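Quick note: the sequence shown uses our numbering, first residue 8, plus one each step.
In this text, a Cβ means the ideal position worked out from N, Cα and C, and glycines have one as well.
Quantities reported herein were computed from a predicted structural model and do not represent experimental measurements.
What follows is a single structure, written as structure tokens, with notes after it.
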Amino acid sequence: MVLTLIISSPATSARYLPLPGETRNDRNQISRMMLTQSRPQIVWLKRDLRLNDHAPLHRAAGSGGQVLPLYIVEPDYWRLPDVSRRHWHFIHDCLFDLQNSLHANGQRLTIRVGSTIEVLQNLHHELGPFTLHSHEETGNNWTFQRDKQVAAWCRENQIEWQEYPSHGVVRRLSDRDHWSKIRDSRMAASLIEMPAFACAPLNVSSSVRPGKDDPLFASTLIGNVQQGGRTEGLRVLATFLEDRSRKYMQTISKPGVSARHCSRLSAHIAYGSLSVREIEHAAKAKLATLSGLRDAEAMSHKRNISAFLSRLAWRCHFVQKLEQQPQIEFACMHSAFEGMREPHHNEAFFQAWKTGHTGYPLVDASMRSLHQNGWINFRMRAMLVSFASYHLWLDWRKTAPHLAKLFTDYEPGIHYSQFQMQSGVTGINAIRMYSPVKQSLDHDPEGKFIRRYIPELRDVSSQWIHEPWRMPVKAADYPMPVVEHETAMKYARSEIGKRWKSESFRETAKNVAKKLGSRAKQAKRAPKKQSAPQLELDL
8 MVLTLIISSP
18 ATSARYLPLP
28 GETRNDRNQI
38 SRMMLTQSRP
48 QIVWLKRDLR
58 LNDHAPLHRA
68 AGSGGQVLPL
78 YIVEPDYWRL
88 PDVSRRHWHF
98 IHDCLFDLQN
108 SLHANGQRLT
118 IRVGSTIEVL
128 QNLHHELGPF
138 TLHSHEETGN
148 NWTFQRDKQV
158 AAWCRENQIE
168 WQEYPSHGVV
178 RRLSDRDHWS
188 KIRDSRMAAS
198 LIEMPAFACA
208 PLNVSSSVRP
218 GKDDPLFAST
228 LIGNVQQGGR
238 TEGLRVLATF
248 LEDRSRKYMQ
258 TISKPGVSAR
268 HCSRLSAHIA
278 YGSLSVREIE
288 HAAKAKLATL
298 SGLRDAEAMS
308 HKRNISAFLS
318 RLAWRCHFVQ
328 KLEQQPQIEF
338 ACMHSAFEGM
348 REPHHNEAFF
358 QAWKTGHTGY
368 PLVDASMRSL
378 HQNGWINFRM
388 RAMLVSFASY
398 HLWLDWRKTA
408 PHLAKLFTDY
418 EPGIHYSQFQ
428 MQSGVTGINA
438 IRMYSPVKQS
448 LDHDPEGKFI
458 RRYIPELRDV
468 SSQWIHEPWR
478 MPVKAADYPM
488 PVVEHETAMK
498 YARSEIGKRW
508 KSESFRETAK
518 NVAKKLGSRA
528 KQAKRAPKKQ
538 SAPQLELDL
């Protein structure tokens with residue numbers, strides 16, 4: 008539905024100003040909702056933990072009725088294999104900031120623990136009929152099935168559930184050719200104003216926000232967690248645009264160094280403490296301040312911020328894939344690759360990869376860094392997936408949940424799309440088999456990152472740091488490579504090649520490209536050649 012601005016005050020009934028492109032169905036839907044404006048307005052907060060640029064909160068507040076901002080801690084969700092306590096630590100910070108912001112605006116955040124259906128049923132019993140607002144969510148399959156159950160419950164109980172577009176993802180998209188235009192139009196629109204709450208908060212019970220170390224959130228935390236919350240997100244955005252972005256492209260692929268010069272906004276976007284639109288507006292505002300400058304430093308700064316903006320668009324592009332085809336969480340985009348790796352699972356290889364003991368220093372340093380910090384740059388993420396998928400011949404459905412738990416910024420739409428691309432099972436992307444030694448020489452030539460995270464190699468000279476197995480005297484306590492690079496690559500190329508040469512492969516690939524591929528790339532190249540910017544999706 009096209010977003011419509013509700014205008015109201017305590018003394019007047021609500022009315023709305025339709026935006027360009029609003030359809031008759033949109034207006035009818037708004038009219039039905041406004042007939043029930045005296046009902047409580049519940050805003051179900053999911054991955055949108057902020058007040059600013061928030062359509063559901065703005066619409067609910069504009070109804071003139073009482074508003075209940077609601078966050079549900081769902082125990083079954085936190086038992087899934089792709090979520091972890093690390094995610095909850097970041098969300099916990101976001102909820103703390105959100106509670107303070109609501110309090111400053113005369114409202115309160117209600118937290119309930121339980122299944123969403125159970126929570127909604129209890130609120131229905133306590134409050135009677137209400138209107139439910141939320142952003143559309145493109146999450147994992149569990150959240151997708153949960154939302155379908157919520158929709159059915161709302162229909163059964165005559166509850167109006169109004170969902171609003173999130174970021175650049177277009178629900179029920181009929182033609183992928185027009186996606187970019189819709190996305191760009193949304194990003195160009197004005198930011199939605201902070202909600203003005205006309206009524207006092209609803210008097211309902213709220214659970215205490217579970218602590219960061221609550222046993223509800225599965226495994227114990229490993230390492231550090233990036234600080235969450237809107238206050239921190241705004242600070243990170245400001246420092247990136249003003250200073251850190253000056254070396255964005257120069258350092259984007261360098262492990263260790265990139266942690267400073269990448270935006271570090273990915274987790275704030277994933278959990279919604281900042282919206283993509285407000286980040287894009289801020290980046291374009293910074294570009295405007297640099298527009299009249301022609302010195303080399305300013306020109307370089309502009310190029311870096313422009314590169315960042317392109318990655319914001321690529322982010323939406325990947326999440327759109329999961330929105331259109333939820334099955335990519337558990338099924339190869341191209342069916343020819345089903346059954347290719349599954350029968351050959353090697354648990355010893357899997358454990359070596361998970362713990363950073365493969366014998367390849369940059370691979371192991373990247374995994375250990377990820378365990379400790381919850382973030383590594385995109386090139387190292389791609390290398391980890393490539394190594395698992397090609398060198399170790401592990402199925403991406405085994406390895407994806409492990410990295411999802413480690414990434415503070417886990418975003419299902421990007422995660423599963425990228426896992427499939429880096430594992431070579433899309434049928435429309437170039438096959439990239441990373442050489443861990445070449446990556447090490449290119450991006451950590453002095454071995455500083457390796458020595459930081461692999462204490463067993465701290466005393467190894469630069470001559471051997473990238474290939475310690477070649478030393479005359481082997482490093483104590485550091486394993487030999489679990490596989491030989493060239494032998495593993497030869498096998499992987501052969502097996503992948505068999506699928507590419509199979510009957511009807513290209514026809515299926517065309518269908519995948521038509522549904523999920525980048526239109527900009529397809530206009531110039533055959534489906535299998537798509538690639539370039541996807542390799543550096545660093546935020």
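One or two residues paired with I286 in a DSSP bridge: Answer is none; I286 lacks a bridge partner.
F137 to P172, Cα distance in whole Å? 21 Å
Limits of the beta strand (DSSP E) - the one that V80 falls within: V74 to V80
Give the DSSP bridge partners of H142, in chain order. Y171
On the three-pair Cβ rule with 8 Å, is the segment 180 to 189 touching the segment 202 to 219? By the Cβ test, the segment 180 to 189 is not in contact with the segment 202 to 219, since fewer than three Cβ pairs between them sit closer than 8 Å.
Which of the three DSSP states is assigned to W400 in this structure? In the three-state DSSP reduction, W400 falls in the coil class, being neither helix nor strand.
Beta carbon of H174, beta carbon of P63: below 8 Å? no
For my contact list, V432 and M340 are in at a C-beta cut-off of 8 Å; report their separation, rounded to the angstrom. 6 Å
Give a yes or no on whether the C-beta atoms belonging to S447 and P368 are separated by under 8 Å. yes
Neighbour-count burial assignment, S525, 16 or more Cβ in a 10 Å radius: It counts as buried.
According to DSSP, I503 sits in a beta bridge with which residue or residues? Note: I503 is not bridge-paired with any residue in the DSSP secondary-structure output.
Starting from W95, trace the alpha helix (DSSP H) both ways and give me its first and last residue. R92 to A111
Please list the segments of the alpha helix (DSSP H) lying wholly inside the segment 265 to 333, counting only runs of 4 or more residues, in order along the chain. 265 to 268, 273 to 277, 283 to 297 and 303 to 331
Tell me which residues share the same chain as N311 and place their Cβ nearer than 7 Å to its Cβ, disregarding the 5 neighbours each side in the sequence. S252, R253, Y255 and M256
Among A159, E493, S70 and T296, whose alpha-carbon lies nearest the alpha-carbon of S549? Any property of residue 549 remains undetermined from this structure, which presents the chain solely from 8 to 546.
Count the other CB atoms, across all protein chains shown, that sit within 10 Å of the CB of Q358; report buried if there are 16 or more and exposed otherwise. exposed
Buried versus exposed, by CB contacts within 10 Å (16 or more), S509: exposed
Out of I461, V489 and R54, point me to the one whose CA is closest to A355's CA. Of the candidates I461, V489 and R54, the one whose C-alpha sits nearest the C-alpha of A355 is V489.
At what residues does the alpha helix (DSSP H) containing Q156 begin and finish? N148 to E163
Could you tell me whether the segment 92 to 105 touches the segment 230 to 247, using the rule of 3 or more Cβ pairs below 8 Å? The segment 92 to 105 vs the segment 230 to 247: in contact.
Express the C-alpha separation of K517 and N416 in angstroms, rounding to a whole number. Reading off the sequence shown, one finds Asp at residue 416, where the question assumed Asn. Approximately 32 Å between the Cα atoms of the pair.
Taking Cβ positions, are F394 and P443 nearer each other than 8 Å? yes
Name the DSSP beta bridge partners of W51, please? L77
At what residues does the beta strand (DSSP E) containing R119 begin and finish? That run of the beta strand (DSSP E) goes T117 to V120.
Just verifying my parser: in three-state terms, what is the DSSP assignment at L134? helix
Helix or strand or just coil, what does DSSP make of N518? helix
On the criterion of 16 or more Cβ atoms from any shown chain inside 10 Å, does G218 qualify as buried, or is it exposed? exposed
Work out the CA separation of R178 and E330 for me, nearest whole Å. 7 Å
State the start and end residues of the unbroken alpha helix (DSSP H) segment that holds N380. Residues P368 to N380.
Give the DSSP-derived three-state secondary structure of N436 in the structure shown. strand
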